[in-house]
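Here the structure is laid out as structure tokens; the discussion comes afterwards.
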Amino acid sequence: MAIPERFSNLPEYAFPRLRTLLAGIQPAGDPVVMTIGEPRHGVPDFTGPIMAASVDQFGKYPPNEGTPELLDAISGWIARRHGLAVEPARITALNGTREGLFNAALALCPETKAGGRPAILIPNPFYQVYAVAAAAVGAEAVFVNAGPETGFLPQFAQLDPALLDRVAIAYLCSPANPQGSVASEDYLEELIALAERHDFLIFSDECYSEIWRDTPPPGALAVATRMGLADRVVMFNSLSKRSNLPGLRSGFAAGGREQIAQLRQLRSYSGAPLPLPVQRVSAHAWADEAHVDENRALYHAKYAVADRVLGNMPGYQSPAGGFFLWLRVPDAIGTGEDAAKKLWAEAGIQVLPGAYLSRDTDQGNPGERYIRVALVDPAGPTEAALNRLKNCLYQGD
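Under full-length UniProt numbering, the sequence shown has 335 at position 335, and the numbering climbs by one with no breaks.
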């Protein structure tokens, strides 16, 4: 049986590609992995006791959309964080944001738009589930470059109006993975107005929203609500980065009542509900900010380390949020793949080539000359690793 063409045309996932690239290269020194965005700070102290106290509830089927306690906790967090009243009926629990970002396309992308094949806008570079979601619904994936010339944010309004009329969904990640750029309120207002004008939805991936440098990033749903256009946005967030709980697989989607009802209906057939002990931990995590403040302070220390070590390097961009560095590769070295091989062989540092997170377009591949570096280890090891990276890549600069 043939594999459907829409999936066979997808490139290999980033990390298997990296393993192939580095195969046979002996790393120098004590290897340091700075590729995957897996937080390595400690899990919150309350996680274990709550899980242990409710372990018997693994014997019960949990509600698919989330317990009332969890939905109330998420609603309360949205109110505190964004000044926005979102009733529980406009929220659904998720197994992390990846599940929601994929399933929402299945639930909400129409079969046709403006008399033709629907289009889905994807910032380039991007979180790879966006492209898989577009393929799954048979939509045209339109990759919109987000490089230094656009402030590392996609400028969707510059697209052909005829194409915009076919757009069903636009994905946006703020703070952006991998560049760390933050969409301002003005940017969000313009995007939401564009969505209203051309009748499409915005899927706002905000999983890095609580790791910020100076100012909390604005939320797309809050901006849309102030504009009277709340039904234009579905926001996604999780506890993976905010609370250092990526293995808990706990997140949520919030939006218009109709959109969330559609997503809940799909999940009732195809989604796996969060176990009750996981929902209890999650409810406590969304209600507590102390551990989030402590977590953010650790990242602030690593932002300072990165600025101190790399701040004078050509093209260095200090991230406004998230925990990645998006580093321009010196011309003398070549591409992100060249830099990744050199760093592994000569410095024992494993990084991800930027092209593994982006696609070729008529305007070029915005990730080809970049590497992504994850600031997930403690500040001391991070500083040592970044010094090794600097000495390897920027000796002539």
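We treat Cβ as the ideally placed atom computed from N, Cα and C, and that holds for glycine.
Heavy atom of the ligand FAD within 6 Å of residue i beta-carbon
i	result
A195	In the structure on display, the ligand FAD does not appear, and there are no ligands present to speak of.
CA-to-CA distance, residue j to residue i, given in whole angstroms
i	j	result
A222	N237	14 Å
F252	G100	8 Å
G180	A304	15 Å
F156	G96	27 Å
P148	G48	43 Å
A134	A283	32 Å
S54	P277	5 Å
L343	A287	42 Å
L357	D72	36 Å
P27	A340	11 Å
I211	G321	6 Å
D160	H198	11 Å
D293	C207	16 Å
D377	G228	42 Å
F102	E69	25 Å
G348	L201	43 Å
A176	V309	22 Å
L266	T382	42 Å
I122	D56	43 Å
A52	H41	21 Å
L386	R369	18 Å
T215	V351	28 Å
R242	Y299	11 Å
A139	A301	42 Å
A345	E185	43 Å
A14	A146	19 Å
P154	A195	14 Å
F58	P125	39 Å
N295	D45	12 Å
Q279	G24	44 Å
L245	A224	29 Å
I169	V144	13 Å
L18	E87	43 Å
G365	P16	Rather than Gly, the amino acid found at residue 365 in this sequence is Asn. Roughly 20 Å between the two C-alpha positions.
A85	M313	44 Å
Y127	A254	20 Å
residue 399	C173	Examination of residue 399 is not possible in this model, given that the chain is present from 1 through 397 alone.
P118	A141	9 Å
E319	V281	It should be noted that the sequence gives Pro, not Glu, for residue 319. If you take the alpha carbons of P319 and V281, they lie about 30 Å apart.
G367	R359	8 Å
P217	R81	10 Å
According to DSSP, residues forming a beta bridge with residue i
i	result
V292	According to DSSP, which records beta bridges pairwise, V292 is partnered with nothing at all.
T92	A253
I371	L327 and P353
F236	D205 and A253
Beta-carbon separation (whole angstroms), residue i vs residue j, contact threshold 8 Å
i	j	result
L263	S250	Not a contact, Cβ separation roughly 16 Å.
A105	I120	7 Å
A89	R257	6 Å
S204	A220	4 Å
A136	L10	That pair is no contact at about 10 Å.
L274	P39	Their Cβ separation, rounded to whole angstroms, is 19 Å, which puts L274 and P39 out of contact at 8 Å.
G336	G311	21 Å between Cβ atoms; not a contact.
I50	S75	Contact flag wrong, Cβ pair sits at about 20 Å.
N64	G315	With 8 Å as the limit, N64 and G315 do not qualify as a contact, their Cβ atoms being about 47 Å apart.
I333	L389	With 8 Å as the limit, I333 and L389 do not qualify as a contact, their Cβ atoms being about 12 Å apart.
C-beta neighbour in chain B for residue i, strict 7 Å
i	result
A170	No chain B appears in this structure, which consists of one protein chain only.
>> To test your reading of the DSSP string, which unbroken beta strand (DSSP E) runs of 3 or more residues are found completely within the segment 158-223?
In response: Secondary structure in the segment 158-223: the beta strand (DSSP E) runs of 3 residues or longer, each lying completely within the stretch, are 167-173 and 201-205 in chain order.
> Which residue spans inside the segment 103-164 form an unbroken beta strand (DSSP E) run of at least 3?
Replying inline: Those beta strand (DSSP E) runs which fall completely within the segment 103-164 and span 3+ residues are 119-124 and 140-145.
> With contact counted as at least three CB pairs below 8 Å, one residue from each stretch, are the segment 163-171 and the segment 99-115 in contact?
Replying inline: A contact exists between the segment 163-171 and the segment 99-115.
>> As an exercise, report each continuous alpha helix (DSSP H) stretch of at least 4 residues that is fully enclosed by the segment 266-351, in chain order.
In response: With a minimum length of 4 residues, the unbroken runs of alpha helix (DSSP H) contained wholly in the segment 266-351 fall at 276-287, 290-310 and 336-346.
>> Check whether the segment 313-332 and the segment 170-184 touch, using three or more Cβ-Cβ pairs below 8 Å as the test.
In response: A contact between stretches requires three or more CB pairs, one per stretch, nearer than 8 Å, and the segment 313-332 meets this requirement with the segment 170-184.
>> Within 8 Å, do at least three Cβ pairs link the segment 27-42 to the segment 370-386?
In response: Between the segment 370-386 and the segment 27-42 there are three or more inter-stretch CB-CB distances shorter than 8 Å, so the stretches are counted as touching.
> Quick one: complete beta strand (DSSP E) runs, 3+ long, within the segment 19-97?
Replying inline: Runs found: 91-94.
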